[in-house]
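Visitor: Have a look at this one before I ask anything.
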Amino acid sequence: MQPSADPPASSASFSPSTSSSVPLSRTTSLSSQTDITIEPSYSSGPAYAQDSLSIMRDSLINLEVLDFMVMLIFCGSERLTRFPECSSELESQAMDQGLLNNNQFGEELQKIRQGLDDIDKGQTNGIQEIHRKYPGPECLWNAQFVVVIMEDMLKHKALDVIRKQVDDEIKDKLGLLIQEEVQEYLKQEMPSKLGKDLQKMNTELDELHRDLHNSESKRMNSFLREKNPHEPLQTICKSDGKVSEYFPKTLDELFNLDDKACKALVQDYGLEVSSSKDGNLNRFMVFAGVQYQMVRRGNNSKHVAFDIPGA
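Under full-length UniProt numbering, the final residue of the sequence shown carries the number 311; numbering is consecutive throughout.
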């Protein structure tokens with residue numbers, strides 16, 4: 001056989017020897033990246049037959065290992081059809097050397113052929129499955145396959161991220177949502193009269209708390225004495241539940257209030273306003289539970305405190 005001048009990439013090429021009695025060297029191309037070269041032995045007999053069979057076994061193993069990678073990455077359907085040709089070429093070479101005359105070698109060769117046929121069938125089925133799922137030109141198979149995998153990964157990743165964000169948002173807003181729903185339910189289900197009664201009861205309860213606080217503060221203030229002028233003065237709440245901004249912090253501050261502060265105090269707590277500073281101060285001290293009164297002696301402006309009789 002003479003080689004053609006410009007053999008195609010997918011065909012088998014042969015290198016002629018110098019003698020027609022010497023077997024030819026044969027290189028079988030499965031793809032542009034994978035070549036299987038079968039070098040002849042220049043001996044004859046069982047040793048040569050054993051070497052040829054070993055080469056064919058190694059070829060089958062190489063095909064099985066590279067099968068999946070060749071199919072998906074490097075090979076199109078045209079190159080995958082080279083497997084039957086490879087099988088036929090190996091069989092032809094074995095027949096030329098008389099291997100089929102021996103039953104043992106014939107059985108081994110048949111196993112190799114069967115393995116090649118199985119590989120070819122698996123690749124054909126895989127190609128058909130890819131065609132079915134991803135129709136289009138063969139040159140786009142690999143790109144479509146990678147794109148589909150990446151889209152699937154990104155879709156699941158995006159779903160996980162969105163699901164986590166939604167869960168976090170629900171946890172943050174759950175308390176507020178429940179509160180709003182309860183309030184809306186109460187507005188719809190609770191009668192208006194009952195709501196007014198409840199509001200009135202809350203107002204009365206606040207007044208009771210304020211009166212209790214004021215009573216306890218007056219009781220504590222009754223124990224204050226002039227010898228301990230820096231002891232704290234217990235606060236008295238106004239009708240709105242707040243404490244006047246002019247309320248003194250200690251007994252010493254109370255005794256030294258000016259006329260403006262004394263007048264503001266009695267006004268804040270709803271007491272009768274006096275025309276004199278001492279009158280306003282004494283009224284406030286009685287109101288706050290302090291057991292002292294302020295008086296003047298002669299022309300001296302110094303304030304003198306004394307216990308209220310019966311205290």
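We put the beta carbon where it would ideally sit given N, CA and C, even for glycine.
Restricting to runs no shorter than 4 residues, where is the alpha helix (DSSP H) found entirely within the region 185-237?
Guide: Listed in chain order, the complete alpha helix (DSSP H) runs (minimum 4 residues) inside the region 185-237 are 192-221.
Visitor: Go ahead and label GLY289 buried or exposed: buried means 16 or more other beta carbons lie within 10 angstroms of its beta carbon, across all protein chains shown.
Guide: With 16 or more other Cβ atoms within 10 Å, it is buried.
Visitor: If we count the other Cβ atoms within 10 Å of its Cβ and call it buried at 16 or more, is ALA311 buried or exposed?
Guide: With a pLDDT of 42 at ALA311, under the threshold of 50, the modelled position of that residue is not reliable, and no figure is offered here.
Visitor: For THR250, which residues does DSSP report across the bridge?
Guide: Paired residues: PRO232.
Visitor: Going by DSSP, what residue range makes up the alpha helix (DSSP H) through LEU271?
Guide: No alpha helix (DSSP H) holds LEU271; DSSP gives it neither H nor E.
Visitor: Within 10 angstroms of its Cβ, does VAL295 collect 16 or more other Cβ (buried), or is it exposed?
Guide: Per the 10 Å Cβ criterion, exposed.
Visitor: Should ASP268 go down as buried or exposed, given a rule of 16 or more other Cβ atoms within 10 Å for buried?
Guide: It counts as buried.
Visitor: I need the straight-line Cα distance from LYS157 to ARG163, nearest angstrom please.
Guide: LYS157 and ARG163: Cα-Cα distance of roughly 10 Å.
Visitor: When burial is assigned at 16 or more other CB atoms within 10 Å of the CB, is ASN282 buried or exposed?
Guide: Looking at its Cβ environment, which holds 16 or more other Cβ atoms inside 10 Å, ASN282 is buried.
Visitor: Cα-Cα, which of VAL243, GLY175, GLN293 is closest to ARG210?
Guide: Of the listed residues, the one whose Cα sits closest to ARG210 is VAL243.
Visitor: How about PRO232 and LYS249: are their beta carbons less than 8 Å apart?
Guide: Yes, these two residues count as a Cβ contact at 8 Å.
Visitor: Applying the criterion that 16 or more other CB atoms from any shown protein chain within 10 Å of the CB defines a buried residue, is VAL266 buried or exposed?
Guide: Classification for VAL266: buried.
Visitor: Can you tell me which of the three DSSP states VAL290 falls into?
Guide: DSSP places VAL290 in coil when its eight states are reduced to three.
Visitor: Considering only the alpha carbon of each residue, which of LYS121, VAL182, ASP278, LEU194 lies closest to LEU254?
Guide: Nearest of LYS121, VAL182, ASP278, LEU194 to LEU254, Cα basis: ASP278.
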